[in-house]
Amino acid sequence: MSSSFYAPETPSAVKNAKGLHLITTLTPNGRKAHIYLEELKDTYGLEWTTSLIDLDTAEQKKPWYLKLNPNGRIPILIDNTHSPPHVVMESSAILLYLLASIDKNHLFGFADPIQQSQLTQWLIFWHASGQPIQGQYNFYRRTRVDGGPYAAQRFRNEVLRVYNVLEIHLSGRYTGSPREYLAGDGIGKYTIADINAWVWIRTFRSIELGEDEVEKLPYLAGWVERIAERPAVGRGLGGDYDEEVHPELLIRTD
Ligand SMILES: N[C@@H](CCC(=O)N[C@@H](CS)C(=O)NCC(=O)O)C(=O)O
């Protein structure tokens, strides 16, 4: 590979990686990639390597990282089977890249373009309308600056609105056809559209919504529990991606 692809100070774990290399940490967007990679391990025997970043060290804002992802955020996936390596930023784009490049049997997507279109719609719906809003809500409800309560209230209402969109969809309130997953014919099929939203929504009971509001989301609650039972999901949430469990995976350039 071209020596100029990586900056000289790029950590060797990244520079010398072969195959797929994930740079991540234990956040909702990181967990999307962890879970799908773990699903692909269970189904295709996929192998990859991982580097962890402690966001507090701001390693993700350093020039070596910005050369790979000008957005300065995690996760990124680097596919070293290409020359030069192909870098994928944006967590949903990582899911789509893995679906196209690894998941050849469409186990977590669809060969059928109509069902794949459903998947894309729900993936984009969450990426554009769900996660940025929930991210802002989390920020303002934890922040005690002027305007914090007003902003928290505004984002909270929008989080609830988006959750209710998902509840309408899953419950079949207007179609008469309840479903178990976001995309696919009939009751749907577990796909990357579910992984994409689930990592954020799984904590819906602990983000300071009212009990009465949460009770009005029974189909969403069922969907959260259904996905939580998957072994790959359990692995993607935790230990293997925790810098305290695996300090040797932590990259730091100073
Ligand atoms: N739209 C991006 C958002 C990525 C993002 O916000 N990542 C957070 C962690 S979940 C991050 O890197 N925060 C550290 C920072 O902003 O410096 C994606 O979906 O990948």
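Positions 1 to 254 (UniProt numbering) are the ones given, in order, by the sequence shown. Where is the CB? At the ideal position from N, CA and C, for every residue including glycine.
Note that the segment 65-79 does not touch the segment 109-127; fewer than 3 beta-carbon pairs, one per stretch, sit closer than 8 Å. Set against 7 Å, the gap from the CB of Thr27 to the closest heavy atom of ligand 1 is smaller. His246 and Asn16 have their C-alpha atoms roughly 19 Å apart. Here Ala183 has Gln118, Leu119, Trp122, Thr191, Ala193 as same chain residues with Cβ atoms under 6 Å from its own Cβ, once five neighbours each way along the sequence are excluded. Of Pro28, Glu167, Thr175, Pro218, the smallest CA-CA separation from Ile74 is found for Pro28. Residue burial annotation: Asp103 is buried, with at least 16 other C-beta atoms found within 10 angstroms of its C-beta. Using a C-beta cut-off of 8 Å, the segment 162-182 makes contact with the segment 213-233, since at least three inter-stretch Cβ pairs fall below that distance. At the C-beta level, Phe5 and Pro84 come within 8 Å of one another.
Not one heavy atom of ligand 1 sits closer than 7 Å to the Cβ of Glu243.
About 5 Å separates the Cβ atoms of Leu250 and Glu243, confirming a contact at the 8 Å cut-off. By the beta-carbon neighbour count (other beta carbons within 10 angstroms, threshold 16), Pro11 is buried. Look at Val162 here: in three-state DSSP terms it is helix. From the listed residues Thr143, Glu215, Ile195, Arg226, the smallest Cα separation to Leu96 is found for Ile195. Runs of alpha helix (DSSP H) with 4 or more residues, each lying fully within the UniProt domain "GST C-terminal" (112-254), are found at 113-125, 131-142, 148-171, 192-201, 211-215, 218-228, 231-237, listed in chain order. Take Ala228, set aside five residues on each side of it, and the residues of its chain with a beta-carbon closer than 7 Å to its own are Arg202, in chain order. In the three-state scheme derived from DSSP, where H, G and I count as helix and E and B as strand, Ser4 is classed as coil. The C-alpha of Glu9 is placed about 44 Å away from the C-alpha of Lys189.
If you check the C-beta of Leu55 against ligand 1, you find a heavy atom less than 7 Å away. For Glu90 and Gly172, the gap between their C-alpha atoms comes out near 30 Å. Per DSSP, the continuous beta strand (DSSP E) segment holding Asp79 begins and ends at 76-79.
Residue state for His86 is assigned as strand, using DSSP reduced to three classes. The C-beta separation of Tyr137 from Val159 comes to about 5 Å, placing the pair in contact by the 8 Å criterion.
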